[in-house]
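Asks: Let me begin by handing over the structure; questions about it come next.
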Amino acid sequence: MKKLVFLTGAGVSAESGLRTFRDSDGLWENYSVADVASHEGWLANPTLVTEFYNARRRETLEKLPNEAHRLIQSLEAQFDVSVITQNIDNLHEQAGTKHIIHLHGEVMKMCSSRNVEDSTCWLQLTPDSCEVAPGTLAADGSLLRPYVVFFGEAVPKIEEAALLTQTADIFVVVGTSLNVYPAAGLLHYVRRGVPIYVIDPKPVPTQGLHVHHIMKKASEGMRELCEQLMPLS
Ligand code: OAD
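For my numbering, count along the sequence shown from 1 and bump the result up by 300.
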């Protein structure tokens with residue numbers, strides 16, 4: 301089976317009703333990245349950050365996967381599909397996709413603020429108990445923090461994502477402005493000659509690489525992609 305690797309961003313979840321970050325009405329219009337999504341912001345005001353992610357969790361739990369998430373999953377019938385997502389929502393999981401790398405973390409998970417990757421301190425939140433009171437401690441006595449990558453922090457899963465990207469026979473980018481590194485740099489790990497598709501209603505910076513740009517929203521664009529991929533499976 302050919303290996304189909306997706307890189308997804310906020311745009312793939314837009315039709316589920318989740319706001320993107322950088323479009324007009326996007327999340328970063330209403331919040332300061334420095335306050336709620338940076339390492340310094342967390343150190344300065346962990347209560348604000350905890351409450352921001354409590355709100356993101358409540359919002360996410362009301363949403364369902366859309367046709368784009370479902371079509372990505374359905375391609376597993378013909379391809380070996382992997383998804384590298386910058387999204388912290390769990391809509392790819394809900395759609396049934398088996399292999400997912402969450403580059404920027406997961407909204408339903410909390411961790412130690414001393415050591416994010418210490419799995420003994422991870423706390424999986426559930427729909428019935430999805431809010432965390434500011435000041436709650438992790439098992440190691442440090443403040444419990446959202447399991448998300450803040451600006452100014454390393455992206456621990458980038459190496460795994462880069463290795464996976466190098467194995468792609470077809471690479472597809474859906475709904476990301478390709479503004480944030482190192483995620484955007486993954487395009488350079490695609491092997492020469494491997495087709496790259498981009499599904500996004502707006503132009504995105506593709507770093508001088510030749511791409512097939514399907515200038516449509518995620519669901520419609522995925523329908524078109526599925527038709528184009530049929531003969532390649
Ligand atoms: P952005 O908000 O930067 O970009 C969203 C992209 O989705 C844009 O290119 C839009 O044109 C496109 N888009 C909007 N609606 C769409 C739709 N219905 N279908 C398809 N595409 C659509 O979001 P990301 O690129 O995901 O990181 O942002 C990357 C990272 O920046 C996020 O993971 C987050 C953020 O700060 C962290 O918080 C660490």
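In this text, a Cβ means the ideal position worked out from N, Cα and C, and glycines have one as well. Predicted model, so just to flag it, every value in this text is computed and none were measured.
Relative to the ligand OAD, is the shortest distance from any of its heavy atoms to the C-beta of Thr-506 smaller than 7 Å?
Replies: In the sequence shown, counting from the first residue as 1, residue 506 sits at position 206. Between the ligand OAD and Thr-506, a heavy atom-to-CB distance of less than 7 Å is absent.
Asks: At a cut-off of 7 Å, is Asn-479 close to the ligand OAD when judged by its beta-carbon and the heavy atoms of the ligand?
Replies: Residue mapping note: residue 479 aligns to position 179 of the sequence shown, counting from 1. Between the ligand OAD and the CB of Asn-479, the shortest heavy atom gap is smaller than 7 Å.
Asks: Leaving out five residues on either side along the sequence, give the residues of the same chain with a beta carbon under 6 Å from the beta carbon of Pro-418.
Replies: Mapped onto the sequence shown, residue 418 falls at position 118. Per the sequence shown, residue 418 should be read as Asp rather than Pro. Counting only Cβ-Cβ distances below 6 Å, and skipping sequence neighbours, we find Ser-412.
Asks: If we call anything under 8 Å between Cβ atoms a contact, is Arg-523 one with Cys-430?
Replies: Start at 1 with the first residue of the sequence shown, and residue 523 comes out as number 223. Start at 1 with the first residue of the sequence shown, and residue 430 comes out as number 130. Result no, Cβ atoms of Arg-523 and Cys-430 do not sit closer than 8 Å.
Asks: Have a look at Gly-396 and His-404 and give me their C-alpha separation to the nearest angstrom.
Replies: Taking the sequence shown and counting its residues from 1, one reaches residue 396 at position 96. Taking the sequence shown and counting its residues from 1, one reaches residue 404 at position 104. So the alpha carbons of these two residues sit roughly 20 Å apart.
Asks: In chain order, what residues of the same chain have a beta carbon less than 7 Å from the beta carbon of Glu-351, not counting five sequence neighbours either side?
Replies: Within the sequence shown, residue 351 is the residue found at index 51, counting from 1. Closer than 7 Å at Cβ, skipping near neighbours: Pro-434.
Asks: Could you tell me the alpha carbon to alpha carbon distance between Lys-535 and Pro-427, rounded to whole angstroms?
Replies: Missing from the structure shown is residue 535; the chain here goes from 301 to 533 and no further.
Asks: Using DSSP with H/G/I as helix, E/B as strand and the rest coil, what is Ile-388?
Replies: Taking the first residue of the sequence shown as position 1, residue 388 is located at position 88. In this structure, Ile-388 counts as coil in the three-state DSSP scheme.
Asks: Helix or strand or just coil, what does DSSP make of Asp-380?
Replies: Start at 1 with the first residue of the sequence shown, and residue 380 comes out as number 80. Asp-380: strand per DSSP, three-state reduction.
Asks: For Leu-361, which residues from the same chain have a beta carbon less than 7 Å from its beta carbon, with the 5 sequence-adjacent residues on both sides left out?
Replies: As a first step, residue 361 must be located in the sequence shown, where it is residue number 61. Hits under 7 Å: Pro-427, Cys-430.
Asks: Under the DSSP definition of a beta bridge, which residues are partnered with Thr-308?
Replies: Here residue 308 is taken as the residue at index 8 of the sequence shown, counted from 1. Thr-308 is bridged to Thr-385, Val-474.
Asks: From the DSSP output, which residues share a beta bridge with His-544?
Replies: A question about residue 544 goes unanswered here, because the residues of the chain that appear run from 301 up to 533.
Asks: Since I believe Asp-380 is in contact with Leu-304 (beta carbons under 8 Å), could you give me their beta-carbon distance rounded to a whole number of angstroms?
Replies: As a working mapping, residue 304 is identified with position 4 in the sequence shown. As a working mapping, residue 380 is identified with position 80 in the sequence shown. So it is a contact: roughly 7 Å between Cβ atoms.
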